[in-house]
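S.K.: The structure under discussion is supplied below as structure tokens; questions concerning it will follow.
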Amino acid sequence: MTHDVEKDTGFRFTGRMFLAVMIGMFGIIIGVNLVMATMAIRTFPGLEEKNGWVASQSFNRRLAAQKALGWQVTADLTRDRLVLDIRDRAGQPAAVDTLTVTIGRPTERSEDVTPALTRRADGAFEAPLALGPGLWELRIRARAADGTEFFQRRKTVLPEKEAPRG
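What follows is the structure, encoded as structure tokens:
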């Protein structure tokens with residue numbers, strides 16, 4: 005008859021070992037949370053409005069005024085240039101008094117660029133760029149000749165390698 009005999013290896017899982025394992029596990033969890041929180045705070049782009057409630061009170065009025073302009077915006081963004089065409093209802097170049105375009109990542113402001121736009125003979129605006137691949141957001145701010153403000157955001161994904169132009 006054979007008997008199952010357990011061999012004593014001398015290893016004992018003690019209360020101190022359990023405490024060390026628990027402290028180690030929670031230490032890793034807390035450490036990762038601190039790193040992630042720090043990264044989130046450093047890349048936080050900031051507030052859109054200082055007081056959202058106050059901004060919301062005039063939102064519908066500003067939106068109606070912007071729609072009344074009848075502007076149609078076409079943006080051609082590649083890694084090396086931006087062409088922005090703003091047309092009025094009649095299809096003519098819009099009467100843009102001021103124009104600012106900021107191009108950046110949607111989640112952080114560290115890569116934001118505000119290109120120097122020049123107006124072409126056909127009425128479109130153009131600027132050279134040097135952008136990397138990935139998700140980019142255009143924040144277009146313009147003012148019409150009559151003082152009406154225009155604001156639009158557009159997101160686009162730029163590929164690793166762009167197709168050749170032809």
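Counting from 5, one number per residue, gives the positions in the sequence shown under this note's numbering. For every residue, glycine included, the Cβ atom is placed at its ideal position computed from N, Cα and C.
Assign G35 to one of three DSSP states: helix, strand, or coil.
M.R.: Helix.
S.K.: At which residues does the beta strand (DSSP E) containing F129 begin and terminate?
M.R.: F129 to P132 is the extent of the beta strand (DSSP E) around F129.
S.K.: Within 10 angstroms of its Cβ, does I90 collect 16 or more other Cβ (buried), or is it exposed?
M.R.: Classification for I90: buried.
S.K.: Just verifying my parser: in three-state terms, what is the DSSP assignment at L121?
M.R.: Reduced to three states, the DSSP call for L121 is coil.
S.K.: Once DSSP output is grouped into helix, strand and coil, what is the label at A99?
M.R.: In this structure, A99 counts as coil in the three-state DSSP scheme.
S.K.: Distance, Cα to Cα, K165 vs T106?
M.R.: Distance between the alpha carbons of K165 and T106: 23 Å.
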